[in-house]
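Undergrad: Numbering (the working numbering), first residue to last: 38 to 165.
(1) Mind checking whether residue 78 and residue 128 have CB atoms under 8 angstroms apart?
(2) Under three-state DSSP, which class holds residue 116?
(3) Roughly how many angstroms lie between the CA atoms of residue 118 and residue 137, to the nearest whole one?
(4) What do you reckon, are the CB atoms on residue 114 and residue 82 nearer than 8 angstroms?
(5) Measure the alpha-carbon distance for residue 80 versus residue 141 and round it to whole angstroms.
(6) Among all the DSSP beta bridges, which residues are the ones paired with residue 159?
(7) Assuming contact is defined by CB atoms lying nearer than 8 angstroms, are residue 84 and residue 96 in contact in what I supplied?
(8) Residue 121 to residue 101, Cα distance in whole Å?
(9) Quick check: what's the CA-CA separation for residue 132 versus residue 150?
(10) Less than 8 angstroms between the CB atoms is what I'm expecting for residue 154 and residue 126, so what's the real figure, rounded?
(11) By the 10 Å Cβ neighbour count, where 16 or more other Cβ atoms means buried, how is residue 90 classified, buried or exposed?
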């Protein structure tokens, strides 16, 4: 019998907290969550954020939105307001400016998908 979504997530988190030692295929800063229809759909900015090690707290502080709201935006199927989209864009731009040269790749990828950050894509199937 397949595990319920929360059970899979909880089991994975418990396994992750034990550390990667002795565990084959350990993942770095990704989440192993699926839905009944396959891989979970998330917004592009989540992939961008995780790939460049930007925490929800850091992005939230940079754009004036709570980390919880960042999480909701990343996973929600509802379209965010234009004001919220602008806040997320401004948050990424602030982080890029703060980190400087270290994030040239983030800056290039952000520019490439700036106008489609809220597009929903498969977390493991999409390349920026």
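The C-beta atom is built at its ideal place from N, Cα and C for all residues, glycine as well.
TA: Looking at the coordinates:
(1) Counting from 1 along the chain shown, the entry for residue 78 is found at position 41. Counting from 1 along the chain shown, the entry for residue 128 is found at position 91. Going by C-beta atoms, residue 78 is not nearer than 8 angstroms to residue 128.
(2) Along the chain shown, read from residue 1 onward, the residue named residue 116 stands at position 79. Residue 116: coil per DSSP, three-state reduction.
(3) Numbered from 1 along the chain shown, position 81 holds the residue referred to as residue 118. Numbered from 1 along the chain shown, position 100 holds the residue referred to as residue 137. Distance between the alpha carbons of residue 118 and residue 137 is about 29 angstroms.
(4) Position 77 of the chain shown, counted from the start, is the residue given in the question as residue 114. Position 45 of the chain shown, counted from the start, is the residue given in the question as residue 82. Against a cut-off of 8 angstroms, the Cβ pair of residue 82 and residue 114 comes out as no contact.
(5) By 1-based counting over the chain shown, the position of residue 80 is 43. By 1-based counting over the chain shown, the position of residue 141 is 104. Whole-angstrom Cα-Cα distance: 21 angstroms.
(6) Residue 159 sits at position 122 when you count from the first residue of the chain shown. In the DSSP output, where bridge partners are listed per residue, residue 159 has 78.
(7) Stepping through the chain shown from its first residue, residue 84 is reached at position 47. Stepping through the chain shown from its first residue, residue 96 is reached at position 59. Contact flag unset, no.
(8) The residue given as residue 121 occupies position 84 in the chain shown. The residue given as residue 101 occupies position 64 in the chain shown. Their Cα atoms are separated by approximately 10 angstroms.
(9) Locating residue 132 in the chain shown gives position 95, where the first residue counts as 1. Locating residue 150 in the chain shown gives position 113, where the first residue counts as 1. Each residue's alpha carbon lies about 16 angstroms from the other.
(10) Here residue 154 corresponds to residue number 117 of the chain shown, with the count starting at 1. Here residue 126 corresponds to residue number 89 of the chain shown, with the count starting at 1. Yes, they are in contact, since the Cβ atoms of residue 154 and residue 126 sit about 7 angstroms apart, within 8 angstroms.
(11) Position 53 of the chain shown holds residue 90. Classification for residue 90: exposed.
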